[in-house]
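Data block below; observations after.
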Amino acid sequence: MGRERWSAVGLALLALGYLLAARRYPLDTLATPGPGVVPLLAGVALLAVAIWLCVTSGRVGATRISNRPPTARAELADPATTIRAGLADPATTKPAMLAVALVLYAALLPRLGFIVSSFALIVLAARLMGARGWWRPAALALGVAGAGYWLFARWLGVPLP
Amino acid sequence: MSELFVALTPANLLACFVGTVLGTIVGVLPGLGPAGAMALVLPLTIKLGPTAGLIMLAGIYYGAMYGGSTTSILVNVPGEAASVVTTIDGYRLARKGRAGAALAVAAIASFVAGTFSVVALQLAAPLVARAALAFGPAEYFAFALLGLVLLANLTGGSRAKSLAMVLVGLMLSTVGMDPLGGTVRFTFDLAGAQAGLSFIAVTTGLFGVAEVLASMAEPLAAAAVARVKFRELYPSREELRRSVPPMLRGTVLGFLVGLVPGPAATIASFVSYGVEKKVSKHRAELGTGAIEGVAGPEAANNAAAGGGMIPLLSLGLPFTPSTAVLLSGMLLMSVTPGPFLLRDHPGVFWGVIGSFYVGNVMLLLLNLPLVGLFARVATIPQQYLMPAVLVLCAVAAYSDNNNIFDVWVMTAAGIAGWAMRALDWSPAPLVLGLVLGPVLERSLLQALTIARGEVSGLWASGPALVMLAAALITFVVPGLAALKGHAS
Chain A
1 MGRERWSAVG
11 LALLALGYLL
21 AARRYPLDTL
31 ATPGPGVVPL
41 LAGVALLAVA
51 IWLCVTSGRV
61 GATRISNRPP
71 TARAELADPA
81 TTIRAGLADP
91 ATTKPAMLAV
101 ALVLYAALLP
111 RLGFIVSSFA
121 LIVLAARLMG
131 ARGWWRPAAL
141 ALGVAGAGYW
151 LFARWLGVPL
161 P
Chain B
1 MSELFVALTP
11 ANLLACFVGT
21 VLGTIVGVLP
31 GLGPAGAMAL
41 VLPLTIKLGP
51 TAGLIMLAGI
61 YYGAMYGGST
71 TSILVNVPGE
81 AASVVTTIDG
91 YRLARKGRAG
101 AALAVAAIAS
111 FVAGTFSVVA
121 LQLAAPLVAR
131 AALAFGPAEY
141 FAFALLGLVL
151 LANLTGGSRA
161 KSLAMVLVGL
171 MLSTVGMDPL
181 GGTVRFTFDL
191 AGAQAGLSFI
201 AVTTGLFGVA
211 EVLASMAEPL
221 AAAAVARVKF
231 RELYPSREEL
241 RRSVPPMLRG
251 TVLGFLVGLV
261 PGPAATIASF
271 VSYGVEKKVS
281 KHRAELGTGA
291 IEGVAGPEAA
301 NNAAAGGGMI
311 PLLSLGLPFT
321 PSTAVLLSGM
331 LLMSVTPGPF
341 LLRDHPGVFW
351 GVIGSFYVGN
361 VMLLLLNLPL
371 VGLFARVATI
381 PQQYLMPAVL
391 VLCAVAAYSD
401 NNNIFDVWVM
411 TAAGIAGWAM
421 RALDWSPAPL
431 VLGLVLGPVL
441 ERSLLQALTI
451 ARGEVSGLWA
461 SGPALVMLAA
471 ALITFVVPGL
481 AALKGHAS
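So the protein lines, in turn, are chains A and B. Note that the numbering used here has the first sequence beginning at 1, numbered continuously upward. Note that the numbering used here has the second sequence beginning at 1, numbered continuously upward.
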């Protein structure tokens, strides 16, 4: 199954989950429509579009796959190969590592405070993006975290954690 | 009208200057676009107050259109999607040793188109606003629906995928309190979600964090920038003469395209280039370094930016991510754009329009002598720039409601936006679905209530009928064509 179809399946599942969650909101009548009307319409519409995408992407995907060389076809057909290739690809691993760092940042921000957690995030992000050594990323992190705190917390009065 | 001069107060001039400089830098930098940058500085602009704050945001918006051309011409790297087409002839002109002339023509074309679009905006926006006073919920529903359908058609790529993204945005807009009854929906007992998903958090995630993650996947090498001396910034008489017709065509085309929902500035630049390839006297030279290939598209993308302000200022409906951020900024400053903006906040309305005039002059004066300096911004290594952007995104998201929940929303939107880019799904329709969702829901429910449950009440008035018919035709005709294509 190609990426397009996987995306469409994901959207269909999202629509179904949303419709399930929307069941608790009343529809009432057309003259006094309730808070469940628009969620119902939006969920059903997304489900319909996802099914349409699933059906049509299959056709497009089949055409595309049949035009590829046999080895490429075999790779596309084997999801384990695709996942292994993705995990080994720096184009996927580096952003994935930064995504994990961002989740940690959001979790640690209220506990460690803005300056410490932002310092750590900037150093880590700069190193992941290819900055050499520690001094430059650390100086950048200190400057941005310090200036950011002064600008937003002190000058603009944003109560940063 | 005398409020136009509000833009000339020292505070507003400074806001305009900072906005245009920031916008030019954002335009020069590949990656971070005007919507993301405007969302980043939103906390700063709130401190400035409505008029100066909105002038700064607007300055970033049209400054980015100016700056986008600089790197397109000098290094063949478009700073903005709207400047992609400028690389074709702009970079070839630079390689012929005419970089200075191309930059000057791009700046002049941007100035001419920007000024024209402001004059048209100044004349049209109050008229549209007055006409919109007669709009009821049914008309607003029809207009928002037409806008979203057009958007799905024009965003580029698959129409069904754009429509799906609009619907996901609409679904996200239902999180929090429903616009009429006050029922809290889809919050899953998270206190931070009760006010709805922060638009700023979603925008900074989709356009800021996702951009940083994407830049890690495909790191851009620091660009080598050719030096352009000030005395080289003079186009020859022949180049100027040849630039005028495409500049004028691009201006009118761009303004008209700007009124239509979608990535108007990008579409306008491509349409202008296409028109030049058909009608220009020198069409055979296009693609080899013709000045028409710079003048037309650069005029078009600036005029489109002005055109896009009309639905925002006069109807309160934004049709591009950048104008959506501007709307969000207005709402945060307790200014509601729409038909009543001119009546309730004339200073803001005319101040922003006046700042467009001032901004255009400022950009022309800044861009020509400082072009080398702006181009050097593109040489800042990404590994030092992007981590700083990440933290600014987090601050912008947090400061919307001073709530850590919004940082989580930004993180989730950023990761989702990165995945969407990797899978070739555009985030722009999602953002507009999110911002237009409450308008659509409120107007639909109000229209049904007014019509006492009669669905025909949605198309009972002439304007609503025309807009719904247009939406239906726009939706059905390409769908039928696609079905026919699949069948054959």
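Even for Gly, the Cβ is constructed at its ideal location relative to N, Cα and C. Values in this document were obtained by computation on a predicted structure and should not be read as measured data.
About 6 angstroms separates the Cβ atoms of B/Leu150 and B/Val260, confirming a contact at the 8 angstroms cut-off. With the rule of 3 Cβ pairs closer than 8 angstroms, the stretch 87 to 106 of chain A does not count as touching the stretch 347 to 367 of chain B. For the stretch 177 to 202 of chain B, the residues whose beta carbon sits under 7 angstroms from a beta carbon of chain A are, in order, Asp178, Gly181, Thr183, Arg185, Phe186. Ranked by Cα distance from B/Arg343, the first of B/Asn367, B/Leu313, B/Leu331 is B/Leu313. Per DSSP, B/Phe5 lies in no alpha helix (DSSP H) segment and is marked neither H nor E.
Every alpha helix (DSSP H) stretch that sits fully inside the stretch 137 to 185 of chain B and reaches 4 residues is listed by chain position as 137 to 154, 159 to 173. Residue-level contact check: B/Val439 does not touch chain A, since none of the beta carbons of chain A fall below 8 angstroms from its beta carbon. Identification of chain A residues near B/Asn402 by a Cβ-Cβ cut-off of 9 angstroms yields Val158, Pro159, Leu160, ordered along the chain. Distance between B/Gly53 and B/Gly351, taken at the CA atoms: about 11 angstroms.
DSSP, read as helix, strand or coil, puts A/Pro159 in coil.
What A/Arg3 touches in chain B, judged by beta-carbon distance under 8 angstroms, is Leu423, going in chain order. Near chain A, meaning a CB-to-CB distance below 8 angstroms, no residue of the stretch 242 to 256 of chain B qualifies. Taking all protein chains in view, the Cβ of A/Val144 is crowded by 16 or more other Cβ atoms within 10 Å, so the residue is classified as buried. Unbroken beta strand (DSSP E) runs of no fewer than 3 residues, entirely contained in the stretch 356 to 384 of chain B, are not found.
In the DSSP assignment, B/Ile267 falls within the unbroken alpha helix (DSSP H) covering 264 to 279. A Cβ-Cβ distance of about 7 angstroms is found for the pair A/Cys54 and A/Ala12, placing them in contact under the 8 angstroms criterion. At a cut-off of 8 angstroms between beta-carbon atoms, A/Val116 makes no contact with chain B. Counting only Cβ-Cβ distances below 9 angstroms, B/Val455 has contacts in chain A at Leu30, in chain order. For B/Ala124, the CB contacts under 6 angstroms within the same chain, skipping 5 residues up- and downstream, are Ile310 in chain order. Taking 8 angstroms as the cut-off, the Cβ atoms of B/Thr70 and B/Val371 count as close. Of all residues in the stretch 118 to 143 of chain A, only Ser118, Leu121, Ile122, Ala125, Ala126, Leu128, Met129, Gly130, Ala131, Leu140 come within less than 7 angstroms of chain B when Cβ atoms are compared, listed by chain position. At a Cβ-Cβ threshold of 8 angstroms, A/Ala22 and A/Gly36 count as neighbours. Less than 8 angstroms separates the beta-carbon of B/Leu197 from that of B/Leu172. Counting C-beta pairs closer than 8 angstroms gives fewer than three between the stretch 133 to 153 of chain A and the stretch 4 to 17 of chain B, which falls short of the contact rule. Taken in chain order, the members of the stretch 46 to 60 of chain A whose beta-carbon sits within less than 8 angstroms of a beta-carbon on chain B are Leu46, Val49, Ala50, Trp52, Leu53, Thr56, Arg59. Contact annotation: B/Pro50 and B/Val348 have beta-carbon atoms nearer than 8 angstroms.
For A/Ser118, the enclosing alpha helix (DSSP H) begins and ends at 114 to 128.
For a cut-off of 8 angstroms, the C-beta gap from B/Leu315 to B/Gly329 is around 17 angstroms, too long to register as a contact. A distance below 7 angstroms between beta-carbons, with the five flanking residues on each side excluded, links B/Asn12 to the following residues of its chain, in chain order: Val6, Thr51, Ala52, Ile55, Gly351, Ser355.
Less than 8 angstroms separates the beta-carbon of B/Val407 from that of B/Ala397. Using a Cβ distance threshold of 8 angstroms, B/Pro137 and B/Ala447 count as a contacting pair. At the C-beta level, B/Gly296 and B/Ala120 stay beyond 8 angstroms of one another. A/Leu112 is outside the set of residues whose beta carbon lies under 8 angstroms from a beta carbon in chain B. At a C-beta separation below 8 angstroms, B/Gly19 has no neighbours in chain A, since its nearest C-beta there lies roughly 17 angstroms away. Contacts between B/Gly414 and chain A, judged by CB atoms closer than 9 angstroms, involve Ala99, Leu102 in chain order.
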